[in-house]
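Participant: Sharing a structure, written as structure tokens. Questions coming.
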Amino acid sequence: MPLVTTTEMFKKAYEGGYAIGAFNVNNMEIVQGITEAAGELNAPLILQVSKGARAYANHTYLVKLVEAALIENDIPIALHLDHGPDFATCKSCIDGGFTSVMIDGSHYDFEKNIEVTKEVVEYAHSKGVVVEAELGQLAGIEDDVNVSADDAQYTQPDQVEEFVDKTGVDSLAIAIGTSHGAFKFKPGQKPQLRFDILDEISKRIPNFPIVLHGASSVSQEYVKIIQEHGGNLADAIGIPEDMLRQAARSAVCKINIDSDLRLAMTAGIREVMWTNPAAFDPREYLKVGRANVKAVVAHKIKEVLGCDGKA
Ligand code: G3H
Ligand code: 13P
Ligand code: ZN
5 MPLVTTTEMF KKAYEGGYAI GAFNVNNMEI VQGITEAAGE LNAPLILQVS
55 KGARAYANHT YLVKLVEAAL IENDIPIALH LDHGPDFATC KSCIDGGFTS
105 VMIDGSHYDF EKNIEVTKEV VEYAHSKGVV VEAELGQLAG IEDDVNVSAD
155 DAQYTQPDQV EEFVDKTGVD SLAIAIGTSH GAFKFKPGQK PQLRFDILDE
205 ISKRIPNFPI VLHGASSVSQ EYVKIIQEHG GNLADAIGIP EDMLRQAARS
255 AVCKINIDSD LRLAMTAGIR EVMWTNPAAF DPREYLKVGR ANVKAVVAHK
305 IKEVLGCDGK A
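Okay, structure coming up:
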């Protein structure tokens with residue numbers, strides 16, 4: 005089937021009390037690992053591409069890899085721009101075959117965020133493409149934006165209705181305590197998500213799909229494998245999976261996961277390279293990384309998102 009937008013996926017996810025996984029893709033093995041897992045579990049899927057991914061792999065290669073995955077797997081897939089920094093990048097993805105884009109104006113003030121989001125929405129909708137925006141600021145690093153934990157800001161529920169009305173956006177990413185990257189909390193810290201803010205937001209904009217960024221759980225198994233096979237990775241913990249399950253049952257229809265895939269891929273490659281220093285056929289280590297990505301995505305779909313069998 006051709007690429008789809010997220011409209012139908014989100015409607016069903018909202019009504020069914022589950023969420024769609026939005027996984028970042030950067031190369032063939034990552035695309036294969038994710039889509040094989042979703043295909044086998046008959047799960048709807050969002051593949052997302054950041055500005056950095058486009059710079060690394062090239063827009064056309066990524067689109068064609070996703071098109072190949074659609075031929076190999078009979079599931080609905082949306083191709084989404086993650087953290088679109090400006091109108092030009094969003095337009096390039098809209099014109100270049102994406103079915104969904106994020107315009108991330110979260111670092112602007114409220115009025116400017118509305119202005120940049122509205123401009124993208126008008127163009128995207130004229131081409132049948134849907135738009136995600138963000139209100140509030142997550143801590144962490146993505147592309148060239150680095151927000152410290154002190155500067156992170158929860159989304160203000162009293163702003164969401166006006167923002168959605170004025171922009172016409174299709175989904176909204178909110179900040180309730182998640183953060184980007186593999187170092188969200190130090191061991192011993194107690195991760196907390198502001199479900200009270202999420203509830204308040206969903207009351208203000210009923211039936212509106214909410215997006216959670218920074219939702220990796222930072223598998224301790226993969227952190228350990230990396231550390232024990234020559235990696236220099238500080239101990240850290242992520243968002244507990246039971247909190248993500250709770251979010252998936254609520255208005256959260258899209259959950260973004262990248263760092264967990266990076267850890268899975270790295271653990272697989274390190275394990276092969278460390279135990280077999282003579283290995284120099286990239287297929288030998290990449291296939292182990294790919295298998296780890298597939299295992300992580302299958303686990304997320306079944307145990308966290310609850311979207312298996314929903315395609
Ligand atoms: O939220 C950001 C994603 O993890 C993408 O990261 O910008 O390094 O590709 P990236
Ligand atoms: P993680 O770093 O928690 O995987 O978040 C990814 C993300 O939000 C991509 O937009
Ligand atoms: Zn993000």
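Going from the sequence shown to our numbering is simple: count from 1 and add 4.
Positions of the beta carbon are idealized from the N, C-alpha and C atoms, including for glycine.
Buried or exposed: residue 269, going by 16 or more other Cβ atoms within 10 Å of its Cβ?
Facilitator: The count along the sequence shown starts at 1 and reaches residue 269 at position 265. Looking at its Cβ environment, which holds 16 or more other Cβ atoms inside 10 Å, residue 269 is buried.
Participant: On the premise that residue 110 lies in contact with residue 140, defined as a C-beta separation below 8 angstroms, what is that separation, rounded to the nearest angstrom?
Facilitator: Here the question's residue 140 lines up with position 136 in the sequence shown. Here the question's residue 110 lines up with position 106 in the sequence shown. Yes, residue 140 and residue 110 are in contact; Cβ-Cβ is about 7 angstroms, under 8 angstroms.
Participant: Using a Cβ-based criterion (distance less than 8 angstroms to any ligand heavy atom), does residue 372 qualify as near the ligand ZN?
Facilitator: Examination of residue 372 is not possible in this model, given that the chain is present from 5 through 315 alone.
Participant: Enumerate, from N- to C-terminal direction, the unbroken beta strand (DSSP E) stretches of 3 or more residues contained entirely within the stretch 188-252.
Facilitator: DSSP runs (the beta strand (DSSP E)) wholly in the stretch 188-252: 214-216.
Participant: With residue 25 and residue 301 assumed to form a contact (beta carbons below 8 angstroms), what rounded beta-carbon distance in angstroms separates them?
Facilitator: Translated into the one-based positions of the sequence shown, residue 25 becomes position 21. Translated into the one-based positions of the sequence shown, residue 301 becomes position 297. Right, their Cβ atoms sit about 7 angstroms apart.
Participant: Going by DSSP, name the residue or residues bridged to residue 268.
Facilitator: What you label residue 268 is simply residue 264 of the sequence shown in a count that begins at 1. Paired residue(s): none; residue 268 is not in a bridge.
Participant: Could you tell me whether the Cβ atoms of residue 86 and residue 57 are closer together than 9 angstroms?
Facilitator: Here residue 86 is taken as the residue at index 82 of the sequence shown, counted from 1. Here residue 57 is taken as the residue at index 53 of the sequence shown, counted from 1. Contact: yes.
Participant: Measuring alpha carbon to alpha carbon, tell me which residue in 29, 112, 210, 42 is nearest residue 315.
Facilitator: Here the question's residue 315 lines up with position 311 in the sequence shown. Comparing Cα-Cα distances from residue 315 to each of 29, 112, 210, 42, the minimum goes to 42.
Participant: Between which two residues does the beta strand (DSSP E) harbouring residue 63 extend?
Facilitator: Position 59 of the sequence shown, counting from 1, holds the residue named residue 63. First-last for residue 63: 63-76, but that is the alpha helix (DSSP H), not the beta strand (DSSP E).
Participant: With a threshold of 8 angstroms, are at least 3 pairs of Cβ atoms found where one atom belongs to the stretch 237-254 and the other to the stretch 280-288?
Facilitator: No contact exists between the stretch 237-254 and the stretch 280-288.
Participant: Look at residue 195 and residue 241 and say whether their C-beta atoms are less than 9 angstroms apart.
Facilitator: In the sequence shown, residue 195 corresponds to position 191, counting from 1. In the sequence shown, residue 241 corresponds to position 237, counting from 1. For residue 195 and residue 241, yes; Cβs fall inside 9 angstroms.
Participant: Just to confirm before moving on: does the CB-CB distance between residue 84 and residue 143 stay below 9 angstroms?
Facilitator: For the purposes of this step, residue 84 is taken as residue 80 along the sequence shown, with counting starting at 1. For the purposes of this step, residue 143 is taken as residue 139 along the sequence shown, with counting starting at 1. No; because the gap between Cβ atoms is not below 9 angstroms, this pair is not in contact.
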